[in-house]
């Protein structure tokens with residue numbers, strides 16, 4: 001049997017959904033219904049394939065448009081004598097059985113009818129085919145087949161019983177003179193009439209879409225997008241157009257639309273537009289790489305402009321300090337550009353250019369020793385950066401000592417696991433490796449959760465700051481701090497943020513492929529550079545722009561780790577690290593952690609960003625209340641990721657519905673939609689963690705400040 005996978009237009013296109021592109025050919029070789037001329041058998045053998053092809057193609061030209069892939073399965077199954085797949089709704093290809101004897105042909109039709117009848121009974125409960133009145137068939141056998149003009153259930157039963165009755169009648173007359181070819185033809189025609197009707201009904205039933213549920217779901221998505229966008233818009237209008245910025249004498253860049261704001265919004269439009277193209281979906285990583293690199297260049301441009309403005313307008317003493325800040329920000333931007341370029345070249349993802357060389361392929365070709373050495377160096381640097389941040393905190397309380405010690409032990413155990421159990425391609429799954437990973441899981445879980453829960457209760461009240469920001473404490477900041485524990489809250493979130501970041505990095509060092517250890521280091525450097533840049537930039541950038549930039553950075557890092565929009569790139573092997581027995585739930589959680597390492601890492605790092613970013617200018621002291629104070633800290637950090645994600649999710653849902661008949665709906669658009677939905681889950685989990693952490697730490701500190709004797 002020879003089949004073609006697709007057709008082609010006159011211009012050579014074959015990726016669309018037109019008739020020319022979806023029209024295919026089925027050719028059966030070896031099925032003959034006439035006798036060879038044995039005198040010229042040798043000559044016929046030489047020309048058999050050509051003769052069969054010509055005869056069969058001429059007979060299938062009128063049938064090919066009526067055949068579907070579902071018809072091939074029952075045809076091949078019955079030709080080879082194996083059961084038909086139980087959920088198949090296809091019909092035997094009639095021409096393929098013309099060469100069989102009459103009894104075998106009718107037997108094949110009977111088996112095919114039983115197959116579809118079973119599916120009908122599953123769809124239509126209480127189908128009364130067995131008890132259907134058959135008198136009409138016996139009364140009208142002499143006048144031909146019966147007209148079955150009933151409702152759907154009765155019509156299908158009528159057609160089935162008619163075919164069964166004619167087949168029974170033919171079997172009873174077989175071997176007698178009364179048997180005729182007409183009886184055989186009538187039975188075959190009746191079977192095919194039932195099979196076609198049943199197959200069409202089942203196909204429509206399986207492809208019927210719950211329109212009301214789809215409309216309800218789409219409306220819910222749209223309403224949620226409108227609500228989140230309205231909250232975002234109200235927050236922006238309240239802050240930047242409600243008189244606050246004039247009273248606070250903010251930078252002029254806060255007024256109107258700047259280039260970076262326009263670019264951040266245009267990114268959403270670019271992404272929504274690209275969703276309608278299958279090729280752009282397959283190569284989406286190039287879009288993220290281009291957009292995030294362009295944003296880094298905009299940061300470089302803005303930093304250079306501010307640095308030049310300082311040099312020309314400020315006095316010498318003021319210029320010296322501000323220039324130093326400008327140079328620091330410039331270094332951070334160059335670090336972002338450099339690490340981003342390396343990440344872009346680490347994995348060659350997508351579909352069209354996966355065969356091209358990349359850094360990971362070069363390292364693997366160079367040998368396992370190079371991969372192992374780079375893995376150890378990268379893991380050591382990741383652990384060192386996290387521990388340095390924790391040990392640089394001046395507080396010597398027992399809680400801080402326990403946090404440092406816990407993460408130090410976890411880091412050393414991770415290095416031990418890498419050196420002893422991890423190969424350059426996969427991790428060992430023996431008992432010792434599994435036990436060690438389980439110990440690391442336990443220590444990281446206790447250390448991280450313990451830090452989140454206990455730190456707000458034990459952090460001392462003082463005027464000193466733990467988080468390393470150079471922003472001076474303004475009178476506005478002090479006036480707010482008189483009512484709320486702002487310094488202690490920022491210090492708590494700084495330590496908790498580092499606990500989140502270090503815990504997530506250590507998990508990725510365990511679960512990711514060894515070749516991805518260096519990208520984890522580069523993502524950490526990018527996150528720290530971006531956080532320090534925005535913390536030192538003051539009001540040069542609006543907060544929602546900075547949060548959106550972090551979200552885009554997380555998506556670019558998602559593809560930099562080797563992920564694509566195809567399910568084949570999901571790392572399944574890492575989902576069983578540290579699991580002694582099979583557990584679908586635990587493996588699924590680990591698989592989710594591996595796949596969405598970068599987006600979740602960025603969302604968790606927002607806790608650290610909140611602690612280092614001076615947002616006191618977003619609150620009016622006279623009107624400051626608990627709700628306004630919390631909104632100052634968590635508003636944009638929670639709203640911006642939710643708004644971006646809801647827009648993309650709603651837009652792609654509409655695209656998927658529009659592309660439901662596209663040739664690549666199952667191979668391109670459906671897997672992408674699964675990733676979009678999983679990204680939504682990741683975003684909501686990350687935002688929930690950020691919001692819950694901020695709310696918990698804030699209310700604990702407020703309660704302690706109101707009752708100082710309980711400290």
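Residue numbers (this note's numbering): 1 to 711. All C-beta atoms, glycine included, are put in the ideal place defined by N, C-alpha and C.
Counted within 10 angstroms of its Cβ, other Cβ atoms place residue i as buried (16 or more) or exposed
i	result
residue 641	buried
residue 168	exposed
residue 290	exposed
residue 133	Note that residue 133 has pLDDT 49, beneath the 50 cutoff, so the model's placement of it is unreliable and no number is given.
residue 672	buried
residue 96	buried
residue 3	exposed
residue 6	exposed
residue 139	Its pLDDT being 45, under 50, residue 139 is placed unreliably by the model, and nothing is read from it.
residue 633	buried
residue 284	buried
residue 677	exposed
residue 160	buried
residue 295	buried
residue 660	exposed
residue 612	buried
residue 365	exposed
residue 417	buried
residue 234	exposed
residue 305	exposed
residue 514	buried
Residues bridged to residue i [DSSP beta-bridge criterion]
i	result
residue 2	27
DSSP three-state assignment for residue i, whether helix, strand or coil
i	result
residue 20	helix
residue 546	helix
residue 351	coil
residue 346	coil
residue 712	In this structure the chain extends from 1 to 711, so residue 712 is not present and cannot be described.
residue 182	helix
residue 260	helix
residue 476	Annotation note: pLDDT 42 at residue 476 (below 50); position unreliable, coordinate value reported separately. Helix, per DSSP.
residue 283	coil
residue 493	helix
residue 411	helix
residue 513	coil
residue 577	coil
residue 714	With the chain running from 1 to 711 in the structure shown, residue 714 is simply not present.
residue 275	coil
residue 448	helix
residue 266	helix
residue 570	coil
residue 7	coil
Integer Cβ distance of residue i from residue j, believed to fall under 8 Å
i	j	result
residue 557	residue 598	3 Å
residue 574	residue 512	7 Å
residue 637	residue 547	6 Å
residue 195	residue 113	6 Å
residue 560	residue 347	7 Å
residue 643	residue 228	5 Å
residue 379	residue 517	6 Å
residue 525	residue 335	6 Å
residue 554	residue 602	3 Å
residue 680	residue 649	5 Å
residue 303	residue 341	So it is not a contact: roughly 18 Å between Cβ atoms.
N- and C-terminal bounds of the alpha helix (DSSP H) containing residue i
i	result
residue 370	368-391
residue 71	69-79
residue 394	Segment: none, residue 394 is in no alpha helix (DSSP H) and carries neither H nor E.
residue 171	152-173
residue 86	Here residue 86 belongs to no alpha helix (DSSP H), and DSSP marks it neither H nor E.
residue 94	No alpha helix (DSSP H) contains residue 94, which DSSP labels as neither H nor E.
residue 703	670-706
residue 112	102-123
residue 612	597-612
residue 519	517-536
Residue-level contact to chain B via CB, residue i, 8 Å cutoff
i	result
residue 599	Given the protein chain composition of this structure (a single chain), no chain B is represented.
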